[in-house]
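Okay, so here's the structure we're looking at.
Protein chains: 2
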Amino acid sequence: MVLKQQMENHIPTNQEIAIKLSRYGLKITPQRVAVLGALIKLCHHPSAEDIFREVVQVIPGLSQATVYNTLDVLVQRGIASKIATSTGVMRYDLIEQPHHHLFDETNSRIEDYYDPELDQILKMYFSKKKIKGFVPLEIKLHVIGAFRDNVV
Amino acid sequence: MVLKQQMENHIPTNQEIAIKLSRYGLKITPQRVAVLGALIKLCHHPSAEDIFREVVQVIPGLSQATVYNTLDVLVQRGIASKIATSTGVMRYDLIEQPHHHLFDETNSRIEDYYDPELDQILKMYFSKKKIKGFVPLEIKLHVIGAFRDNVV
DNA sequence: TTTTAAATTAGATTTATTATTATTAAAAAA
DNA sequence: TTTTTTAATAATAATAAATCTAATTTAAAA
Ligand SMILES: [Mn+2]
Ligand SMILES: [Mn+2]
Ligand SMILES: [Zn+2]
Ligand SMILES: [Zn+2]
């Protein structure tokens with residue numbers, strides 16, 4: 001059995017990233033490949049600035065605007081999503097499978113939470129309970145709390 | 153039977169608002185009374201600017217900083233909460249009973265959603281399912297979708 | 001009434017993000 | 001391959017929400 005950790009942490013090559021961009025009808029540029037690569041690498045919901053700092057090391061002339069433009073494009077195409085935070089700084093998230101988020105506001109940490117059982121429960125609930133005058137498209141749990149390392 | 157609508161829409165007097173402020177150990181000022189009053193009146197999750205526009209009509213010399221300061225104080229004391237939105241503008245919410253939110257991103261509309269049955273389901277789920285290394289404090293559903301007036 | 005700690009104000013400042021536009025480069029067409 | 005077209009990027013300016021600063025005012029305790 002392969003550990004989940006190892007499976008998720010497969011680092012795609014630039015080639016593979018480029019293919020992903022074309023699959024979504026996007027022009028391949030070194031900037032886009034690097035930004036998407038950084039979004040994959042910095043897997044814990046980086047800000048635009050986090051991504052800029054990472055990518056500018058490889059592409060020294062990089063403009064901040066390009067990072068914002070590219071992230072916008074990725075969000076538009078459904079490759080990434082944007083998370084609004086209580087500090088007013090946006091964070092970005094690769095969309096692989098839908099998942100919920102755990103927020104620790106003391107250290108701005110955001111982690112994924114996924115449990116098919118929970119989704120089943122929510123699906124059941126919302127299929128039964130109709131909301132008057134509202135068509136739900138996406139149901140996300142925001143769990144605010146505290147990460148406690150050393151505590152199971 | 154009194155309609156839920158009518159019960160909720162009772163507009164408190166400045167006197168009542170002032171009492172609420174003192175109960176939370178806050179100094180009573182005309183600015184604070186008016187800001188909290190506006191937060192109650194503009195019941196659909198106003199922004200700081202929405203509140204400023206409302207209150208400056210009554211207190212012409214009002215400073216924007218006072219609105220931000222007051223809202224911060226209300227959030228700190230647990231009277232109000234702050235909602236981060238996808239546009240980067242914060243919205244404010246009077247805390248009466250805990251509830252979830254319906255977001256329509258096409259028109260920035262945010263509405264409350266409350267169903268004790270749902271909370272019971274979530275409570276059950278999280279009491280059974282422990283999240284490793286994370287202590288949850290607040291569980292909120294963010295339902296993104298579209299309000300459809302004229303559609304039930 | 002006097003005192004004092006806290007609140008308010010005006011304005012400057014910060015900072016994430018967006019807009020503008022000239023330049024450059026990707027990839028389609030010839 | 002070369003040309004052409006279209007879109008992306010870079011540099012920089014602009015925007016706007018929110019925060020900070022410091023002088024002034026005020027609420028309420030003494
Ligand atoms: Mn949220
Ligand atoms: Mn901003
Ligand atoms: Zn995520
Ligand atoms: Zn609400």
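In order, the protein sequences belong to chains A and B.
For the record, in the first sequence the residue sitting at position 29 is 29 according to this note's numbering, with numbers rising by one throughout.
For the record, in the second sequence the residue sitting at position 40 is 192 according to this note's numbering, with numbers rising by one throughout.
By construction, the Cβ of each residue, glycine as well, lies at the ideal position given by its N, Cα and C atoms.
Since we're looking at a predicted model, the values are computed, not measured.
Quiz prompt | Simplified DSSP assignment, three categories, for A/Ala38 | solution = Here the question's residue 38 of chain A lines up with position 38 in the first sequence. The three-state secondary structure of A/Ala38, taken from DSSP, is helix.
Exercise. Please state whether DSSP places A/Tyr24 in a helix, a strand or coil.
Key: Along the first sequence, read from residue 1 onward, the residue named residue 24 of chain A stands at position 24. Per DSSP, reduced to three states, the secondary structure at A/Tyr24 is coil, with no helix or strand assignment.
Self-check item: Cβ neighbour criterion (16 or more within 10 Å) applied to B/Val295
Solution: Taking the second sequence and counting its residues from 1, the one referred to as residue 295 of chain B is at position 143. B/Val295 comes out buried.
Quiz item: Given that a residue counts as buried once 16 or more other Cβ atoms are within 10 Å of its Cβ, and exposed if not, what is A/Pro60?
Solution: As a position in the first sequence, residue 60 of chain A is number 60, starting the count at 1. A/Pro60 sits exposed, since fewer than 16 C-beta atoms from the chains shown fall within 10 Å of its C-beta.
Quiz item: Would you say B/Phe286 faces chain A, with C-beta separation under 9 Å as the test?
Solution: Here residue 286 of chain B refers to the residue found at position 134 of the second sequence. Taking Cβ atoms only, chain A reaches closer than 9 Å to B/Phe286, which makes this a yes.
Exercise. Grab the span of the alpha helix (DSSP H) containing A/Lys123 for me, first residue to last.
Key: In the first sequence, residue 123 of chain A corresponds to position 123, counting from 1. Unbroken alpha helix (DSSP H) run through A/Lys123: 116-128.
Quiz prompt | Listed by chain order, chain B residues near A/Val143 by CB distance under 7 Å | solution = Taking the first sequence and counting its residues from 1, the one referred to as residue 143 of chain A is at position 143. Per Cβ cutoff of 7 Å: Pro288, Ile291.
Quiz item: Should B/Arg300 be flagged as near chain A, meaning a C-beta pair shorter than 9 Å?
Solution: For the purposes of this step, residue 300 of chain B is taken as the residue at position 148 of the second sequence. Yes, its Cβ sits closer than 9 Å to a Cβ of chain A.
Quiz prompt | Pairwise C-alpha distance: B/Arg229 and B/Val208 | solution = Locating residue 208 of chain B in the second sequence gives position 56, counting from the first residue. Locating residue 229 of chain B in the second sequence gives position 77, counting from the first residue. If you take the alpha carbons of B/Val208 and B/Arg229, they lie about 24 Å apart.
Quiz item: Is A/Glu111 helix, strand or coil when you go by DSSP?
Solution: The residue you call residue 111 of chain A lines up with position 111 of the first sequence. Judged by DSSP in its simplified three-state form, A/Glu111 adopts strand.
Practice problem: Say yes only if the C-beta of A/Ile83 is nearer than 8 Å to one or more non-hydrogen atoms of ligand 3, and no if none qualify. | Solution: For the purposes of this step, residue 83 of chain A is identified with residue 83 of the first sequence, where counting begins at 1. Correct: A/Ile83 has its Cβ closer than 8 Å to ligand 3.
Quiz item: So A/Leu141 packs on B/Ile203, CB below 8 Å; how close in whole Å?
Solution: For the purposes of this step, residue 141 of chain A is taken as the residue at position 141 of the first sequence. For the purposes of this step, residue 203 of chain B is taken as the residue at position 51 of the second sequence. Actually they do not touch by this definition, with Cβ atoms about 29 Å apart.
Quiz item: Can you tell me the Cα-Cα spacing of B/Pro268 and A/Pro136, whole angstroms?
Solution: The sequence position of residue 268 of chain B within the second sequence is 116, counting from 1. The sequence position of residue 136 of chain A within the first sequence is 136, counting from 1. Inter-residue distance for B/Pro268 and A/Pro136 is about 19 Å (C-alpha atoms, whole angstroms).
Exercise. State buried or exposed for B/Thr222, treating a residue as buried only when at least 16 other CB atoms are found within 10 Å of its CB.
Key: Locating residue 222 of chain B in the second sequence gives position 70, where the first residue counts as 1. Classification for B/Thr222: buried.
Practice problem: Whole angstroms is fine: what's the gap from B/Pro198's alpha carbon to B/Tyr265's? | Solution: The residue labelled residue 198 of chain B in the question sits at position 46 within the second sequence. The residue labelled residue 265 of chain B in the question sits at position 113 within the second sequence. Approximately 17 Å, taken between the alpha carbons.
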